Each structure stands twice: as structure tokens, then as C-alpha cells.
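*Asks:* Just so you know, the sequences run in chain order A and B. Note that the numbering used here gives residue 325 to position 93 of the first sequence, counting from 1, and the numbers run on in steps of one. Note that the numbering used here gives residue 74 to position 9 of the second sequence, counting from 1, and the numbers run on in steps of one. Below is one structure. I have some questions about it.
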Amino acid sequence: SQQGEEDPQALSIQEGENATMNCSYKTSINNLQWYRQNSGRGLVHLILIRSNEREKHSGRLRVTLDTSKKSSSLLITASRAADTASYFCATVAPSGAGSYQLTFGKGTKLSVIP
Amino acid sequence: DAGVTQSPTHLIKTRGQQVTLRCSPKSGHDTVSWYQQALGQGPQFIFQYYEEEERQRGNFPDRFSGHQFPNYSSELNVNALLLGDSALYLCASSPTGTDTQYFGPGTRLTVL
Numbered sequence: 233s234q235q236g237e238e239d240p241q242a243l244s245i246q247e248g249e250n251a252t253m254n255c256s257y258k259t260s261i262n263n264l265q266w267y268r269q270n271s272g273r274g275l276v277h278l279i280l281i282r283s284n285e286r287e288k289h290s291g292r293l294r295v296t297l298d299t300s301k302k303s304s305s306l307l308i309t310a311s312r313a314a315d316t317a318s319y320f321c322a323t324v325a326p327s328g329a330g331s332y333q334l335t336f337g338k339g340t341k342l343s344v345i346p
Numbered sequence: 066d067a068g069v070t071q072s073p074t075h076l077i078k079t080r081g082q083q084v085t086l087r088c089s090p091k092s093g094h095d096t097v098s099w100y101q102q103a104l105g106q107g108p109q110f111i112f113q114y115y116e117e118e119e120r121q122r123g124n125f126p127d128r129f130s131g132h133q134f135p136n137y138s139s140e141l142n143v144n145a146l147l148l149g150d151s152a153l154y155l156c157a158s159s160p161t162g163t164d165t166q167y168f169g170p171g172t173r174l175t176v177l
């Protein structure tokens with residue numbers, strides 16, 4: 233089953249605008265990660281935010297985490313056509329014996345129009 | 066340093082057949098996880114291998130099995146293929162005890 237639910241399912245913006253995607257989840261987590269996927273290819277890790285962090289930045293990416301609301305958001309500033317992709321949040325929780333399980337949402341499909 | 070590699074890139078099978086997908090982890094990574102991603106969905110966890118043993122399993126039937134070799138590479142086997150097994154199969158590797166996984170490009174399986 234998928235724990236994370238991204239919102240919106242699809243987003244279309246003009247190049248240069250900001251894009252915001254939201255993720256809600258159901259259970260306790262160690263951390264939450266965001267991944268990007270281009271055209272049904274492999275997933276690229278973007279950023280990780282731990283459960284004791286509220287905000288994190290990486291280049292044009294800004295991630296927030298609200299554990300009381302069990303939600304996270306990903307903001308991409310000054311979007312580019314190359315940002316066109318599907319974005320997934322994944323919650324991470326320990327699953328015993330030093331292993332961690334990632335549980336993904338259904339993703340947000342972002343289209344950036346040049 | 067090569068990342069995670071998977072083979073083949075694409076595969077077409079018919080219902081009832083069996084398939085084997087392969088994954089080579091990133092150098093220094095000893096844990097391999099497999100995911101199934103149906104069209105328009107997020108990846109679903111199949112199982113994870115560490116020290117040549119299945120350490121954890123998602124909600125997938127026994128038709129899905131795997132193996133990990135001493136060099137940490139891994140195989141995913143699916144028996145008695147169903148149309149619903151058509152998906153992108155992703156392999157991810159990580160050093161044990163860490164919580165970030167690195168994904169390969171995937172194998173696109175089509176079952177006719």
C-alpha cells in the first residue's frame with residue numbers, strides 16, 4: 233500500500249514560475265525524501281528531511297515537514313523546462329535489523345512550459 | 066564509479082512465462098531492494114536483500130522471488146506471469162544501516 237499522497241496529481245506552470253507540491257502521510261516516520269523521475273525512468277534522489285527538521289534547502293529546492301499534520305511540501309523556485317518530471321515523496325521508517333523501508337506516494341506530474 | 070545498473074532495459078513476455086531481471090548495486094552497497102511501478106503509480110516495495118537473504122518483503126505473492134549473490138548483485142524472478150505484472154521494475158541499493166537508496170534506470174516488463 234502507498235502511504236504518501238501527493239497533491240496535486242498534475243501541475244502545469246510557465247518557465248520561471250515556482251512549483252509547489254504537497255505530500256501527506258499516515259504513520260510515524262524517520263525521515264521523508266523527495267525523488268524525481270523523468271519519463272518512466274529511474275528515480276533520482278533530490279532531498280531528505282529528517283523528522284526533527286522543519287525546513288531544508290538545496291539549490292532551487294525547499295522542503296518543509298510538519299510532523300503534527302503529517303505533511304510535507306516541495307517548492308521548486310524559478311522553474312525550468314528541464315524540471316518537467318514526476319515528483320514522488322517517500323516516507324522512511326525502520327523495519328528492523330538495520331534496514332529501512334521506503335513507501336512512495338503516487339506522485340505529482342509537473343510540466344514546465346518554456 | 067558506476068551507479069546502480071539493471072538489465073535488460075526492456076522485456077516482452079507472454080502470460081504464464083517466467084522472467085529474471087538483474088541488478089548490480091552501486092559500489093560499496095550491500096543492500097538491494099526491488100520495487101514495482103505500474104503506469105501512473107508510485108513504486109511499490111517488493112522485497113529487500115542483505116547478506117544473500119531476503120530481509121523484508123512487501124505485499125507480493127510467492128510468484129515473486131529473488132536472490133542475492135556474494136558480490137551483492139541481485140536477481141528478481143517472476144513466475145507464471147500475469148498481464149498485471151506489466152510494469153517498470155526498479156532496483157535500489159544502499160549501504161546497510163543507511164536510509165537513502167539509489168535507484169537504477171529500471172527494467173520495463175510488458176506481459177502480453
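Glycine included, C-beta positions come from ideal geometry on N, C-alpha and C. The structure presented is a predicted model; accordingly, all values stated were derived computationally and were not measured.
1) Just to confirm before moving on: does the CB-CB distance between A:Thr335 and A:Tyr257 stay below 9 angstroms?
2) Suppose you measure from the CA of A:Gly274 to the CA of A:Thr252; what does that come to, to the nearest Å?
3) Could you name the residues of the same chain whose beta carbon sits closer than 7 angstroms to that of A:Thr299, not counting the 5 residues immediately before and after it, in chain order?
4) Start and end of the beta strand (DSSP E) containing A:Ser283?
5) Where does A:Asp239 fall in DSSP's three states?
6) For B:Ser41 and A:His277, I'd like the C-alpha separation in whole angstroms.
7) Taking a cut of 7 angstroms between CB atoms, which residues from the region 312-334 of chain A lie near chain B?
8) Use the C-beta contact count for B:Arg128: other C-beta atoms within 10 angstroms, 16 or more gives buried, fewer gives exposed.
9) By DSSP, does B:Ala103 sit in helix, in strand, or in coil?
10) Could you give the distance in angstroms between the alpha-carbon of A:Tyr319 and the alpha-carbon of B:Gly81?
11) Taking CB distances under 9 angstroms as the criterion, tell me whether B:Asp164 reaches chain A.
12) Using C-beta distances below 6 angstroms, list every residue in its chain close to B:Phe125, excluding the 5 sequence neighbours before and after it, in chain order.
13) At the level of alpha carbons, what is the spacing between A:Gln246 and A:Leu342?
14) Using 9 angstroms as the limit for Cβ to Cβ distance, is B:Pro170 near chain A?
*Replies:* Here's the rundown:
1) Sequence index remark: in the first sequence, residue 335 of chain A carries index 103 (1-based). Sequence index remark: in the first sequence, residue 257 of chain A carries index 25 (1-based). Against a cut-off of 9 angstroms, the Cβ pair of A:Tyr257 and A:Thr335 comes out as a contact.
2) Here the question's residue 274 of chain A lines up with position 42 in the first sequence. Here the question's residue 252 of chain A lines up with position 20 in the first sequence. If you take the alpha carbons of A:Gly274 and A:Thr252, they lie about 22 angstroms apart.
3) On the first sequence, position 67 is the one that residue 299 of chain A refers to. Short of 7 angstroms from the beta carbon of A:Thr299, and not among the five residues preceding or following it, lie these beta carbons of its own chain, in chain order: Ser283.
4) Taking the first sequence and counting its residues from 1, one reaches residue 283 of chain A at position 51. Counting along the chain, A:Ser283 falls outside any beta strand (DSSP E), and DSSP gives it neither H nor E.
5) Indexing the first sequence from 1 puts residue 239 of chain A at position 7. Residue state, collapsed to three classes: strand.
6) Nothing in the structure corresponds to residue 41 of chain B, since chain B is present only between 66 and 177.
7) Of all residues in the region 312-334 of chain A, Phe320, Val324, Ser327, Ala329, Gly330, Ser331, Tyr332, Gln333, Leu334 have a Cβ within less than 7 angstroms of some Cβ in chain B.
8) Position 63 of the second sequence, counted from the first residue, corresponds to residue 128 of chain B. It counts as exposed.
9) Counting from one through the second sequence, the residue named residue 103 of chain B turns up at place 38. It is coil, neither helix nor strand.
10) As a working note, residue 319 of chain A is residue 87 in the first sequence. As a working note, residue 81 of chain B is residue 16 in the second sequence. Approximately 34 angstroms between the Cα atoms of the pair.
11) Indexing the second sequence from 1 puts residue 164 of chain B at position 99. Output row for B:Asp164: interface = yes.
12) Mapped onto the second sequence, residue 125 of chain B falls at position 60. Within the same chain, B:Phe125 has close Cβ partners Ile111.
13) One-based indexing of the first sequence puts residue 246 of chain A at position 14. One-based indexing of the first sequence puts residue 342 of chain A at position 110. Rounded to whole angstroms, A:Gln246 and A:Leu342 show a C-alpha spacing of 11 angstroms.
14) If you number the second sequence from 1, residue 170 of chain B lands on position 105. It does: the Cβ of B:Pro170 has a partner Cβ on chain A nearer than 9 angstroms.
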